[in-house]
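Trainee: Numbered according to numbering that gives the first Met the number 0, the sequence shown spans residues 0 to 199.
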Amino acid sequence: MVADRGFCSFAHLALLMARGAHGVFRLHQKQIVDFTPGRAHARPGQRAPHKGMARSRWIRAYGLMDQVVEYFKPAKRPAWMSVAEYAALPESIVVRELRYRITAAGFRTQEVTLVTTLLDAEAYPADALAELYMTRWRVEENIKSLKYTMKMDVLKCKTVDGVHKELTMYAIAYNLVRLTMGRRRCVKVSNRIGSASSTR
């Protein structure tokens, strides 16, 4: 599962892991990250000795900005979980934190910090995870097209079945449009290749 920082919580990560699934999330802006090897951490249920101290326990490092840490279950449960559901979550989970930079000409350099359950650095290199997270923006672009280009920002149906049918028809129409666009692109490319080979 690839998602933005709104889903990067202990509960979301723990639920994914319990189901045998994996996640790559952008770190929530309130989460403190410290890549110092062997650093101290604020223990569960205790106030941090000083401001800016990370609450995660450092385990090992794969690089300067790539580490494995232990997250502890917060005392306060999220509003969307019942008391029983939250109590069933483990007291801690082991995750991986990594940070990379996005540089583009004419724009400020931006740092992105990810949290993932994919702990094996050889099987899942930091560069590959950064590339995977960037694919999320394609989804955002598709949703924007559905909402504004196809006027799907306001659904007309009033019943659950009606909404399901409306969403299905929008998805079919959108995929047909994309399929047509893809075929036209392929025809243009093949024509260009054909004309280039004929001139030779």
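Here a beta-carbon is modelled for each residue, glycine too, at the ideal position from N, C-alpha and C. Since the model is a prediction, treat every value here as computed from it, not as a measurement.
Can you list, in chain order, the residues of its chain whose CB lies under 6 Å from that of GLN30, leaving out five sequence neighbours each side?
Mentor: none
Trainee: How about ALA125 and TYR61: do their beta carbons lie closer than 9 Å?
Mentor: yes
Trainee: If you draw a straight line from the C-alpha of THR134 to the C-alpha of GLU140, how long is it?
Mentor: 10 Å
Trainee: Kindly indicate the opening and closing residues of the beta strand (DSSP E) around ILE31.
Mentor: No beta strand (DSSP E) contains ILE31, which DSSP labels as neither H nor E.
Trainee: Leaving aside the five residues before and after GLY37 along the sequence, list all residues of the same chain whose C-beta is less than 7 Å from its C-beta, in chain order.
Mentor: TRP57
Trainee: Of all the beta strand (DSSP E) runs that stay within the bounds of the segment 11 to 66, which reach a length of 3 or more residues?
Mentor: 23 to 25, 56 to 62
Trainee: Does the structure place the segment 151 to 158 close enough to the segment 40 to 53 that three or more beta carbon pairs sit under 8 Å?
Mentor: no
Trainee: Would you grab the beta carbon distance between ARG4 and HIS27 for me? Rounded to a whole angstrom, and I think it's under 8 Å.
Mentor: 5 Å
Trainee: If we count the other Cβ atoms within 10 Å of its Cβ and call it buried at 16 or more, is ARG203 buried or exposed?
Mentor: No information on residue 203 is available, as it lies outside the stretch 0 to 199 that the chain covers here.
Trainee: Given that a residue counts as buried once 16 or more other Cβ atoms are within 10 Å of its Cβ, and exposed if not, what is GLN109?
Mentor: exposed
Trainee: Please name the residue in GLY181, THR116, TYR132 whose C-alpha comes closest to that of VAL68.
Mentor: THR116
Trainee: From the DSSP output, which residues share a beta bridge with GLU202?
Mentor: Because the chain here runs from 0 to 199, residue 202 falls outside it and cannot be looked at.
Trainee: For ARG182, name the three-state secondary structure that DSSP assigns.
Mentor: helix
Trainee: Am I right that TYR70 and VAL94 are in contact with their C-beta atoms under 8 Å? What's the rounded C-beta distance?
Mentor: 6 Å
Trainee: From ALA87 to THR102, what does the alpha carbon distance come to, in whole angstroms?
Mentor: Spanning the two alpha carbons is a distance of roughly 42 Å.
Trainee: Just tell me which of CYS7, ALA13, GLY181 has its CA closest to the CA of ILE92.
Mentor: ALA13
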